[in-house]
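Undergrad: Here you go, one structure.
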Amino acid sequence: MAKRDLGDLDALPGEEAEAKVRQYAIAIMVERIMESVARLNVRYDEWFNESRLWQEALPQLAIQRLRDSGFLKERDGALWFGPALEEEDGLGEEVRSSKEDRVVIRSNGEPTYFASDLGYLLSRFERRHFERVVEVWAADHHGYVDRLKAAAAALGINPERLVIILHQMVNLKEGKMSKRAGRFVPLDELVDRVGADAVRYFYLLRSPDTTIEFDLELALTQSNENPVFYAQYAHARLVNVEGTAAERHPTLPEHADVSLLVQPWELDVARQLAFWPEVVEDATRLLEPHRIPYYVHDLATAVHRFYHAGNETSEYRVVVDDAALTRARLELCRAARHTLRKALDLIGVSAPERM
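Following this line, the structure appears as structure tokens:
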């Protein structure tokens with residue numbers, strides 16, 4: 012593929028040909044990643060290349076600053092970062108919390124990923140003036156958290172401005188995923204098998220510190236046991252109720268008298284709706300998006316109970332002969348439908364009108 016797109020590589024000097032192939036391969040890989048995450052309705056405002064850091068000499072600048080302040084030391088021909096000035100640094104526990112030294116430049120002169128991370132700290136906090144940085148890492152990188160925060164503190168950056176969320180790995184019903192053992196299901200295959208809605212919902216349904224149990228069979232099931240189907244079906248039911256009301260009562264009172272809503276299942280829906288603003292605020296403030304699908308499930312449960320009450324007893328249906336009562340219940344349905352749609356949209360999941 013590279014020869015087809017890049018021409019006669021054999022005519023180029025070895026290093027030049029290698030550089031061209033490397034850039035070509037990186038471009039292809041990034042393009043495929045973009046396509047994969049786009050299928051999951053993930054859009055990035057900016058893709059930042061590591062090479063840009065070195066072009067702007069930011070890792071070099073960070074290394075020089077750490078060297079000048081005494082946080083870099085040479086050992087075995089390599090350059091290491093560590094709390095070298097433990098007693099006199101004045102930078103507090105953040106710097107000393109990193110118990111192990113970390114190689115910045117290898118003995119062969121090649122930089123490590125940590126060197127790039129040092130430059131990336133300066134890029135975001137000093138060059139681009141980010142107030143806060145939130146990074147999401149796999150939980151198996153937990154040992155790196157203290158080191159990076161220590162490096163931030165040593166560079167004069169308040170480590171509290173660097174928020175690192177550790178995300179547990181995913182277990183499939185078919186077996187545990189492990190990138191190191193080579194046991195994993197690519198994102199494209201997962202989306203192909205269960206759809207983007209199910210992937211997003213199942214991933215967001217658990218807090219980052221909880222291992223996700225992704226049940227492929229359940230994700231394909233059209234039943235109340237499937238949390239995605241359960242939520243979307245509640246929305247579709249509400250849309251259907253509104254259509255029925257329009258047919259039975261072409262003209263309804265302009266204003267709804269919500270004091271007519273006195274049944275427990277009606278009040279339960281109303282209470283769930285009242286929680287919505289607080290749920291959004293907490294999810295944002297605490298960086299916990301899983302609170303949204305939790306709420307969606309609770310609201311969907313209240314909606315299904317409300318709907319089933321009418322199936323069991325006709326007088327509890329939304330659409331009844333009493334136009335005022337129909338209007339009040341319809342107002343509740345509209346509010347619930349609007350909130351469900353907004354909540355699902357907030358986590359990138361569709362809200363179908365028919366199922």
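Its first residue numbered 12, the sequence shown is counted upward by one per residue in this note's numbering. Ideal Cβ positions, reconstructed from N, Cα and C, are used throughout, including at glycine.
Any contact between the region 355 to 365 and the region 194 to 211? By contact I mean 3 or more CB pairs, one from each, below 8 Å.
TA: With the cut-off at 8 Å, the region 355 to 365 and the region 194 to 211 touch.
Undergrad: Going by C-alpha distance, which of Trp287, Lys353, Ser270, Thr324 is nearest glutamate 342?
TA: Considering only alpha carbons, the answer is Ser270.
Undergrad: Does leucine 102 come out as helix, strand or coil in the three-state DSSP assignment?
TA: Any answer about leucine 102 is weak, because its pLDDT of 48 lies below 50 and its placement is not dependable; what the coordinates show is given next. Coil.
Undergrad: In the DSSP assignment, what residue or residues form a beta bridge with isoleucine 358?
TA: In the DSSP output, where bridge partners are listed per residue, isoleucine 358 has none listed.
Undergrad: Between Phe141, Asp87, Tyr318, Asp268, which lies nearest to alanine 442 when the distance is taken from Cα to Cα?
TA: Nothing about residue 442 can be reported from this structure: the residues present for the chain run from 12 to 366 only.
Undergrad: Around the C-beta of leucine 297, are 16 or more other C-beta atoms found within 10 angstroms, so that it is buried, or is it exposed?
TA: Exposed, since its Cβ has fewer than 16 Cβ neighbours within 10 Å.
Undergrad: Apart from the five residues just before and just after valine 307, which ones in its own chain have a Cβ nearer than 6 Å to its Cβ?
TA: Excluding positions up to five away in sequence, the list reads Ala242, Ala354.
Undergrad: Any chance the region 277 to 287 sits against the region 252 to 263, with 3 or more Cβ pairs inside 8 Å?
TA: Too few Cβ pairs lie closer than 8 Å, so no.
Undergrad: Using the C-alpha atoms, what's the distance from glutamate 29 back to isoleucine 37?
TA: Cα to Cα, the separation comes out at about 12 Å.
Undergrad: Would you kindly work out how many angstroms separate the C-alpha atoms of tryptophan 276 and aspartate 268, rounded to a whole number?
TA: So the two alpha carbons sit approximately 17 Å from each other.
Undergrad: Span of the beta strand (DSSP E) holding valine 196?
TA: Taken as a continuous stretch (DSSP letters only), valine 196 belongs to no beta strand (DSSP E), as it is neither H nor E.
Undergrad: For tryptophan 91, tell me which candidate among Ile116, Ala68, Ala73 has the shortest Cα-Cα distance.
TA: Looking at the Cα atoms, Ile116 is the closest of the given residues.
Undergrad: In chain order, what residues of the same chain have a beta carbon less than 7 Å from the beta carbon of glycine 88, not counting five sequence neighbours either side?
TA: So the list reads Ser118, once near-sequence residues are dropped.
Undergrad: Quick one, which of Leu64, Leu198, Ala311, Tyr35 has its alpha-carbon nearest tyrosine 244's?
TA: Ranking Leu64, Leu198, Ala311, Tyr35 by Cα distance to tyrosine 244 puts Ala311 first.
Undergrad: What first and last residue would you give for the beta strand (DSSP E) that runs through alanine 89?
TA: Taken as a continuous stretch (DSSP letters only), the beta strand (DSSP E) holding alanine 89 covers 89 to 92.
Undergrad: Given that a residue counts as buried once 16 or more other Cβ atoms are within 10 Å of its Cβ, and exposed if not, what is arginine 139?
TA: The residue is exposed, with fewer than 16 neighbouring Cβ atoms inside 10 Å.
Undergrad: Taking the alpha carbon of alanine 339 as the point to measure from, which residue in Thr295, Pro264, Trp287, Pro288 has its own alpha carbon closest?
TA: Per the Cα distances, Pro264.
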